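Novice:
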Amino acid sequence: MTLTSLQRSQLAATFAAVALVAGAGGYYLAGTRNGAPAAGTPDTPRKPLYYYDPMVPQEHYDNPDSLSSMGMKTVPKYADTNSGPTAKPGVTVDPSAMQSLGIRLATATTGTLAGTLDVTGAIDFNQRDIAIVQARAAGFIQRVYGRAPGDIIRAGAPIADVLVPEWGGAEGEYEAVRKTGDPSLIAAARQRLRLIGIPGGVAGGRGMTTIRSPIGGVIQTLDARAGVTLAPGQTLAQVNGLGTVWLNAAVP
Numbered sequence: 005m006t007l008t009s010l011q012r013s014q015l016a017a018t019f020a021a022v023a024l025v026a027g028a029g030g031y032y033l034a035g036t037r038n039g040a041p042a043a044g045t046p047d048t049p050r051k052p053l054y055y056y057d058p059m060v061p062q063e064h065y066d067n068p069d070s071l072s073s074m075g076m077k078t079v080p081k082y083a084d085t086n087s088g089p090t091a092k093p094g095v096t097v098d099p100s101a102m103q104s105l106g107i108r109l110a111t112a113t114t115g116t117l118a119g120t121l122d123v124t125g126a127i128d129f130n131q132r133d134i135a136i137v138q139a140r141a142a143g144f145i146q147r148v149y150g151r152a153p154g155d156i157i158r159a160g161a162p163i164a165d166v167l168v169p170e171w172g173g174a175e176g177e178y179e180a181v182r183k184t185g186d187p188s189l190i191a192a193a194r195q196r197l198r199l200i201g202i203p204g205g206v207a208g209g210r211g212m213t214t215i216r217s218p219i220g221g222v223i224q225t226l227d228a229r230a231g232v233t234l235a236p237g238q239t240l241a242q243v244n245g246l247g248t249v250w251l252n253a254a255v256p
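Using the working numbering, the first residue of the sequence shown is number 5, and each one after it goes up by one.
1. Taking DSSP as the reference, what is the three-state secondary structure of P68?
2. Taking the C-alpha atoms as reference points, what is the distance between T111 and T96?
3. Give the straight-line distance between the Cα atoms of I157 and N130, rounded to the nearest whole angstrom.
4. Return the chain-ordered list of same chain residues with a C-beta closer than 6 Å to the C-beta of D155, the five sequence neighbours on each side being excluded.
5. Can you give the Cα-Cα distance for T124 and W250, rounded to whole angstroms?
6. Should A259 go down as buried or exposed, given a rule of 16 or more other Cβ atoms within 10 Å for buried?
7. So what does DSSP say about V181, is it helix, strand or coil?
8. Assuming I219 and A142 form a contact by the criterion Cβ under 8 Å, report the distance between their Cβ atoms to the nearest whole angstrom.
9. Apply the 10 Å Cβ neighbour rule to A191 and answer buried if 16 or more other Cβ atoms are within range, or exposed otherwise.
10. So is I136 buried or exposed if we call it buried at 16+ other beta carbons inside 10 Å?
11. Excluding the 5 residues flanking A40 on each side, which residues of the same chain have their C-beta closer than 7 Å to its C-beta?
12. Within a Cβ cutoff of 7 Å, which residues of the same chain sit near L121, ignoring the five residues on either side of it in sequence?
13. Would G231 and Q138 qualify as a contact pair, given that the criterion is a beta-carbon distance under 8 Å?
14. On the CB-based measure, 16 or more other CB atoms within 10 Å of its CB, does T78 come out buried or exposed?
15. So, for E63: in the same chain, excluding its five sequence neighbours on each side, which residues have a beta-carbon less than 7 Å away from its beta-carbon?
16. Just reading off the alpha helix (DSSP H) that M212 is part of, what are its end residues?
17. Compute the Euclidean distance between the alpha carbons of A228 and L109, then round it to the nearest angstrom.
18. Quick one: using the 10 Å Cβ neighbour count with 16 as the cut-off for buried, is T225 buried or exposed?
19. Report the rounded CA-to-CA distance for T113 versus R50, giving the unit in angstroms.
20. Express the C-alpha separation of V243 and S217 in angstroms, rounding to a whole number.
21. With distances taken between CB atoms, is the gap from G262 to G201 smaller than 8 Å?
22. Where do the ends of the beta strand (DSSP E) carrying Q103 lie?
23. Closer than 7 Å: is that where the CB of R210 sits relative to any heavy atom of the ligand MN?
If you want it as structure tokens, here you go:
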């Protein structure tokens, strides 16, 4: 069958109309599925439900310039505050938290610090210069030296005189061995004195020893009292050195 020129023109126009309608329909469906808003529709400002003071949220006001019963400025309350499918991404802070913590909003910017800053600071002890004074063995405090927290002492200052019964027995055995004159037995007995903690492994104190501070500085804590029973490793004092100190500055 042969088409005339008029029929061919009509058929082409029909195909073009169908293609135009199909394209428009596809564009409309795509825009609807993607949730695209209609062109030319401006964002309407949100209208607050009411105004309130976060400290007394049960009080509602219509006027934005109203003051609450506590004399505080009111803030708006919205129905769709960061919720629902139309909520915009971002960070929100509860108004009551902002008011109680004194939070203020500002835009972050880059800049250069001034050559000099006026800041608040505090002098503190050097936390790397601390001595913990402990008992090496179980015993009894026989004497203290009138120390108190806050006292400044020198290195080697006595903290307490301690009676250690275990040391007294070991020192008696050493004296008996020393009288034999046997060098090997004497060396072994002296080594035992070192192992149980007697300073220098030298006998002669009859179980008495003086605990001293290894550094000079300020006594921060002191738990040495006459008559107290000590356990091995029990802390008697903490001494902070004064050779250097720290300056903690609060830079805003």
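We put the beta carbon where it would ideally sit given N, CA and C, even for glycine.
Everything numeric in this text was worked out from a predicted model, so none of it was measured.
Specialist: On the basis of the data shown:
1. coil
2. 15 Å
3. 16 Å
4. I223
5. 14 Å
6. Outside the modelled stretch of the chain, which goes from 5 to 256, sits residue 259, for which no answer is possible.
7. helix
8. Beta-carbon to beta-carbon, I219 and A142 are separated by about 25 Å, too far to satisfy the 8 Å threshold.
9. In this structure A191 is exposed. Its beta-carbon is surrounded by fewer than 16 other beta-carbon atoms within 10 angstroms.
10. exposed
11. Any answer about A40 is weak, because its pLDDT of 48 lies below 50 and its placement is not dependable; what the coordinates show is given next. Counting only Cβ-Cβ distances below 7 Å, and skipping sequence neighbours, we find nothing.
12. V255
13. no
14. Counting C-beta atoms within 10 angstroms of its own C-beta, T78 has 16 or more neighbours from the protein chains shown and is therefore classed as buried.
15. For E63, where only same-chain residues beyond five positions count, the Cβ hits under 7 Å are Y56, D57, S72, S73.
16. Counting along the chain, M212 sits inside no alpha helix (DSSP H); it lies in the beta strand (DSSP E) bounded by residues 212-216.
17. 53 Å
18. exposed
19. 28 Å
20. 8 Å
21. In the structure displayed, the chain extends from 5 to 256; residue 262 sits before or after that span and is not available.
22. Segment 99-105 is the alpha helix (DSSP H) holding Q103; no beta strand (DSSP E) there.
23. For the ligand MN, the structure offers nothing, since it holds no ligand at all.
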